[in-house]
Each structure stands twice: as C-alpha cells, then as structure tokens.
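Trainee: Numbering (our numbering), first residue to last: 19 to 178.
Glycine is no exception: its CB is placed at the ideal position from the N, C-alpha and C atoms.
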C-alpha cells in the first residue's frame, strides 16, 4: 500500500508529512490487503482570512474496482484529517462487507433458479401438471362473462 501526502496553499515541512504518513499507515494497516494506494491532500481554501477553511481530501484506491474519496473541511488540519480518516475507514468497511456478501447473493440466486427448475410449481403455479407432461402448457385462465367466471384456454407457454 502506497501513501502519498500533498500540500497546497499551506506551509509544510518534511517532518509533518512523515508524521501524517506514519499515522495513516498505522490506521490503514488492517486494510492493507484491500487498499492499493492512499492519497492525502491538504489545502487552505480561503488563504489568510481564517475561518473553517482547512480542507483534507483523502482518496483510497481499492483492489476491487473503485475508489473512495472523502472531503472534510474544518478549522485546523488535524481535525480535518481525523474526520476524513474516520469516514474513510467506515467507507472501506462498507465496501468489504459488500464484497463478502456478493457471493452469498449470487449463490442465493443460483439456488432459487435450481429450485424453480426442479419444481415447476414454484414457477408456473397451479399449472405445474401441464408443465411436467407437455412441452406446451395450456393453463386455464378465467375470464368474466355477465353471470359468472368461465375458464378458457390460454395462449401456449413455451417451457424451458
């Protein structure tokens, strides 16, 4: 996992860059197998005027397709960095959970398809007897006349 720290419109020294990179490496250690690169960018939005103007942009490139970008603006750099990192960790955890649940969703869909193929009644309802016996099933569909409901043959259904 590579870590890149950038500064723009701010005074920076090598010591502070190394400290932030070290802290980021410690916090991201448990995600090292999921994250390829982390880029942190600090900037001062409105210069010397003051106020809530320190921006921290943290971007993480994941091994799975995608990138997570978090932007925080606070009054000082440290709180902006901490807010961005805590949000980034939560976002990475959500992505990991999605990746772990994906095979479960796929397996559930495959099981459902297998059940439909094994038991045509699941798919074709009460007309499963037709589905088992014939290639073309002709289920009876009700239609309404003036006095009562009468059944009539429906269009042929091609079974798979």
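Beta-carbon separation of residue 102 and residue 70 under 9 angstroms?
Mentor: It is not a contact, given that the beta carbons lie outside the stated cut-off.
Trainee: What residue range is occupied by the uninterrupted alpha helix (DSSP H) comprising residue 91?
Mentor: Taken as a continuous stretch (DSSP letters only), residue 91 belongs to no alpha helix (DSSP H), being part of the beta strand (DSSP E) at 85-92.
Trainee: With three or more beta-carbon pairs closer than 8 angstroms as the criterion, would you say the segment 30-46 touches the segment 86-94?
Mentor: Judged by Cβ distances under 8 angstroms, the segment 30-46 makes no contact with the segment 86-94, as fewer than three pairs qualify.
Trainee: For residue 155, name the three-state secondary structure that DSSP assigns.
Mentor: Low local confidence applies: a pLDDT of 46 at residue 155 is under 50, so the model's placement there is unreliable, and no value is given.
Trainee: What is the residue span of the alpha helix (DSSP H) that residue 44 lies within?
Mentor: Residue 44 -> alpha helix (DSSP H) spans 32-45.
Trainee: In chain order, what residues of the same chain lie with their CB nearer than 6 angstroms to the CB of residue 93, ignoring the 5 residues before and after it?
Mentor: Cβ within range, chain order: 70.
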